[in-house]
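Heads up: the structure comes next, in structure tokens.
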């Protein structure tokens with residue numbers, strides 16, 4: 003969800019005004035994703051590197067996050083959404099952690115869409131954590147080194163803890179042509195859609211446009227087009 007600060011600066015507003023407007027996009031995209039049957043929606047809300055931003059902005063973001071978690075609880079529960087987080091959430095303020103724990107517990111039996119916020123999250127950090135868990139298990143004799151494979155590593159990622167499915171589509175807002183340390187393992191065969199829209203301007207119509215573009219893609223997973231279309235062995 004990129005471009006909140008730039009959206010505000012273009013309008014002569016403080017950066018936090020852009021983050022607040024961006025929360026409206028979160029609400030809009032979550033609603034339309036649930037309506038069209040998306041199984042899981044993961045939003046990159048706060049990266050591991052975002053801690054380097056000015057303290058006043060970080061504090062404001064944490065306040066907005068808690069406001070969102072408390073304010074949207076009823077809507078999330080009423081729509082059967084299961085709430086999850088991925089990342090180093092232990093670094094978040096206590097009031098935010100309490101709101102996360104409450105919403106996760108309240109929604110854990112819901113069977114609709116999984117809404118996941120990536121908070122204090124980094125793809126490299128996730129892979130380092132998984133490697134450490136594998137190393138600890140190997141040292142304790144719980145897994146043999148020669149048995150470590152893709153499945154073993156994937157099972158130790160934050161996304162596995164959150165019970166998330168394979169990543170199909172990664173939408174990059176604000177026109178930036180980079181992944182920015184997001185779901186580096188999971189994005190391997192995901193389709194990527196880049197839009198010039200800043201996140202506060204990314205609402206229902208643009209989300210549906212991205213879905214339509216995704217549906218028009220041919221997903222080969224290393225095969226040829228003929229194989230995918232069933233015309234060749």
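Residue numbers (my numbering): 3 to 235.
Even glycine gets a Cβ: it sits at the ideal position worked out from N, Cα and C.
Beta-bridge partners assigned by DSSP to residue 230: none are found. Under the three-state reduction of DSSP, residue 8 is assigned to helix. Judged by DSSP secondary structure, residue 108 falls within the alpha helix (DSSP H) whose first and last residues are 96-109. In the DSSP assignment, residue 87 falls outside any alpha helix (DSSP H) and within the unbroken beta strand (DSSP E) covering 84-88.
Around residue 115, the same chain offers 35, 36, 40, 41, 42, 43, 83 as residues with beta carbons nearer than 7 Å, after the five sequence neighbours per side are excluded.
Within a 10 Å sphere around the beta-carbon of residue 26 sit fewer than 16 other beta-carbons, which makes this residue exposed. Under the three-state reduction of DSSP, residue 43 is assigned to strand.
Taken in chain order, the whole beta strand (DSSP E) runs of length 3 or more contained in the stretch 124-194 are 171-174. With at least 16 other beta carbons inside 10 angstroms of its own, residue 160 counts as buried.
Residue 123 holds the alpha-carbon nearest to the alpha-carbon of residue 186 among 123, 178, 210, 146. Residue 85 and residue 141 have their alpha carbons spaced roughly 34 Å apart. Only residues of its own chain outside the window of five on either side were considered, and among them 169, 170, 171, 172 have a CB closer than 7 Å to the CB of residue 192, listed in chain order. In the three-state reduction of the DSSP assignment, residue 199 falls in the coil class. Between the alpha carbons of residue 138 and residue 131 lies a gap of roughly 11 Å.
Here the stretch 91-102 lies against the stretch 51-71, with 3 or more beta-carbon pairs under 8 Å apart.
For residue 189, same chain residues with a beta-carbon under 7 Å away, outside a window of 5 residues either side, are 169, 172, 181 in chain order. The Cβ atoms of residue 213 and residue 28 lie no closer than 8 Å to each other.
Note on residue 223: under 16 other CB atoms within 10 angstroms of its CB, so exposed under the neighbour-count rule. Within the same chain, Cβ atoms closer than 8 Å to the Cβ of residue 106 are found at 85, 86, 87, the five residues on either side in sequence being excluded. At the C-beta level, residue 66 and residue 119 stay beyond 8 Å of one another. Residue 48 sits in a strand when the DSSP states are folded into three classes. Nearest in C-alpha terms to residue 174, of all of 92, 57, 194, is 194. Across the set 81, 231, 95, the C-alpha of 81 shows the shortest separation from the C-alpha of residue 111.
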